Amino acid sequence: MTQAGPAALTNEEVGRYSRHLIMPEVGMEGQLKLKAARVLCIGAGGLGSPVALYLTAAGVGTLGIVDFDTVDHSNLQRQIIHGTPDVGRSKLESAKARLNALNPEVEVVTYEMALSSQNALGLFADYDMVVDGTDNFPTRYLVNDACVLTGKPNVYGSISRFEGQATVFAAEDGPCYRCMFPEPPPPGLVPSCAEGGVLGILPGVVGTLQATEAIKLILGVGESLVGRFLLFDALKMRFRELKVRQDPDCPVCGEHPTVTAPIDYDQFCGITPVPAASPTSGSTDTTVEELKTRLDRQDSFLLLDVREQREFEICRIPGSVLIPLGELPARMSELDGHADMIVHCKSGVRSGKAVALLRDAGYTQARNLQGGILAWIDRVDPTLPRY
Amino acid sequence: MATKILIPTPLRGYTDQLDEVEAEGATVGELLANLTTRYADLRKHLYAEDGTRRNFVNIYLNDDDIRYLEKDQTPVTADDTVSIIPSVAGGGWS
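The structure is reproduced here in structure tokens:
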């Protein structure tokens, strides 16, 4: 990141970066380092928004962004790089337009693709550092391993509800993500989407911390978060710091690494591919069309909603009974006398777990509504609000 | 002698929504055993079925990972704070 950059700034750039240039910690030398720097941001979402905006404003010469999503209404509560007119547009197109308007001096390179074990090393090789703004364990481990393997620092941030985490992994002589978290939690123990949600401003705080760390690494100033794991609690408005040590037995950055190339991260994280449809696989599932037919026919069955009360208040299918998944084991007796049951949640994951619980408990006719209430809204009743 | 244990948000559903719980014990291992006796549903999130602690949950004594201290045998006092640090993947991407 100290490679020879452009010899000087234009007069326009001097004006733009004047508040940096008069600081001893940045100055002309630092601003030229920023101009020569190449940063790759994974994700143009909650964390990626402030990261990309601040790095662009600061004059980082080349900013790469990887994403494959389109802007959705539900993103706008926190993904401030996108605006209401961008809904439906590719996130990269939307982000690039915003960044070009903010600072046309910055070269924004977009990669409309999912980061994969096949493309990560080649992509990372072209950059000085990577900022991780992803949202799932397989990609987190992939970003980490590819950073270690290519020798690029991984400016890490993650968020959940109102708490955030930030650090710098895989810096020279620093620990990596696997040193701290050798294994991901199995999918069944990850908090369900019912417990999810995120305070919209939280990625703003954590992404801004990541952007700060990226800038400090480029400038070579201050004390970076290498070896320090920063925890932020927005409700208590409190920061805490934990030590992270390099694990000599780490499989990717340790003394005897066993991971020498990217692996299959879905498999590593215990995510099994959805099995192909078989003649028996449909027996535990039902469709929203079938549900509609049965409701219209006034069939006798129980429509069980296993979402949370807050979600039930947003929208519901008429006639449904609410028992949140977490309460189901203790409230199973309320289902006495109901043999025939259709179970639904928002998209079908929680209700799949509920059906497994119910079938184990002897409710062998319980069936899962494929696609949940979102499929119901899309295909049966578009007047209900999506969330 | 009771020591404070900080419970992370994803696990508060198993501790009556408490973000801090006090438990008795002379070592981290004893403390966690007492904690998971009181909050039985928490147990499967901290321990595998064979009783070994799960690898994706980090236990910190103050600001240090007990893996680099004396693991479950690490002594604790009433002045210490034990934290359970989960791995969080979210990025608000989607």
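Read top to bottom, the protein sequences are chains A and P.
Per this note's numbering, the first sequence starts with residue 885, numbered consecutively.
Per this note's numbering, the second sequence starts with residue 335, numbered consecutively.
A virtual CB, placed ideally from N, CA and C, is assigned to each residue, including glycine.
Please read all numbers here as calculations on a predicted model, not as lab measurements.
- For L1005/A, the closest of V923/A, H904/A, L1026/A, Q915/A by C-alpha to C-alpha distance is L1026/A.
- Excluding residues up to 5 positions away in sequence, P1059, C1063 lie with their Cβ nearer than 6 Å to the Cβ of Q1130/A in the same chain.
- Between the segment 1114 to 1126 of chain A and the segment 923 to 939 of chain A, the count of C-beta pairs closer than 8 Å stays below three; the two stretches do not touch.
- T954/A carries a strand assignment under DSSP once its states are collapsed to helix, strand and coil.
- I393/P has its alpha-carbon roughly 6 Å from the corresponding atom of D399/P.
- The DSSP assignment places complete alpha helix (DSSP H) segments of no fewer than 4 residues inside the segment 900 to 964 of chain A at 902 to 905, 911 to 920, 932 to 942, in order along the chain.
- Comparing alpha carbon positions, the residue from K1176/A, D1169/A, R1263/A, E1174/A closest to T1248/A is D1169/A.
- The beta carbon of P409/P sits no closer than 8 Å to any beta carbon of chain A.
- Against chain A, the CB of A423/P has a partner CB under 8 Å away; the residue lies at that interface.
- Note on the segment 964 to 998 of chain A: whole alpha helix (DSSP H) runs with a minimum of 4 residues are 975 to 986, in chain order.
- D1148/A and Y1040/A have their C-alpha atoms roughly 21 Å apart.
- At a cut-off of 8 Å between beta-carbon atoms, G385/P makes no contact with chain A.
- The segment 1010 to 1086 of chain A contains, as complete alpha helix (DSSP H) runs of 4+ residues, the segments 1021 to 1034, 1061 to 1064 (chain order).
- Taking the CA atoms as reference points, I418/P sits about 40 Å from D970/A.
- Taking C-beta atoms under 8 Å as the contact rule, V362/P and I341/P fail to qualify, at a distance of about 15 Å.
- Below the 8 Å Cβ cutoff, chain A contributes no neighbours of D350/P, its closest Cβ being approximately 13 Å away.
- For R1112/A, the enclosing beta strand (DSSP E) stretches over residues 1112 to 1117.
- Only exposed fits D1262/A, as fewer than 16 other CB atoms lie within 10 angstroms of its CB.
- V391/P sits in a strand when the DSSP states are folded into three classes.
- Residue range 415 to 420 is occupied by the beta strand (DSSP E) that includes I419/P.
- Between E1139/A and chain P, the shortest Cβ-Cβ separation is not below 8 Å.
- Within the DSSP bridge table, the entry for M1225/A names L1186/A as partners.
- For the segment 361 to 390 of chain P, the full-length alpha helix (DSSP H) segments reaching 4 residues or more read 362 to 372, 377 to 380 along the chain.
- For L1212/A, no beta strand (DSSP E) segment is defined; the enclosing uninterrupted segment is the alpha helix (DSSP H) at 1212 to 1215.
- From the beta-carbon of N1020/A, the residues of chain P found nearer than 7 Å are A423.
- Within its own chain, the residues whose Cβ lies closer than 6 Å to the Cβ of P1068/A, once the five positions on either side in sequence are excluded, are F1021, C1153, listed in chain order.
- Between S1204/A and L1187/A a beta carbon distance of about 4 Å is seen, short of the 8 Å cut, so the two are scored as contacting.
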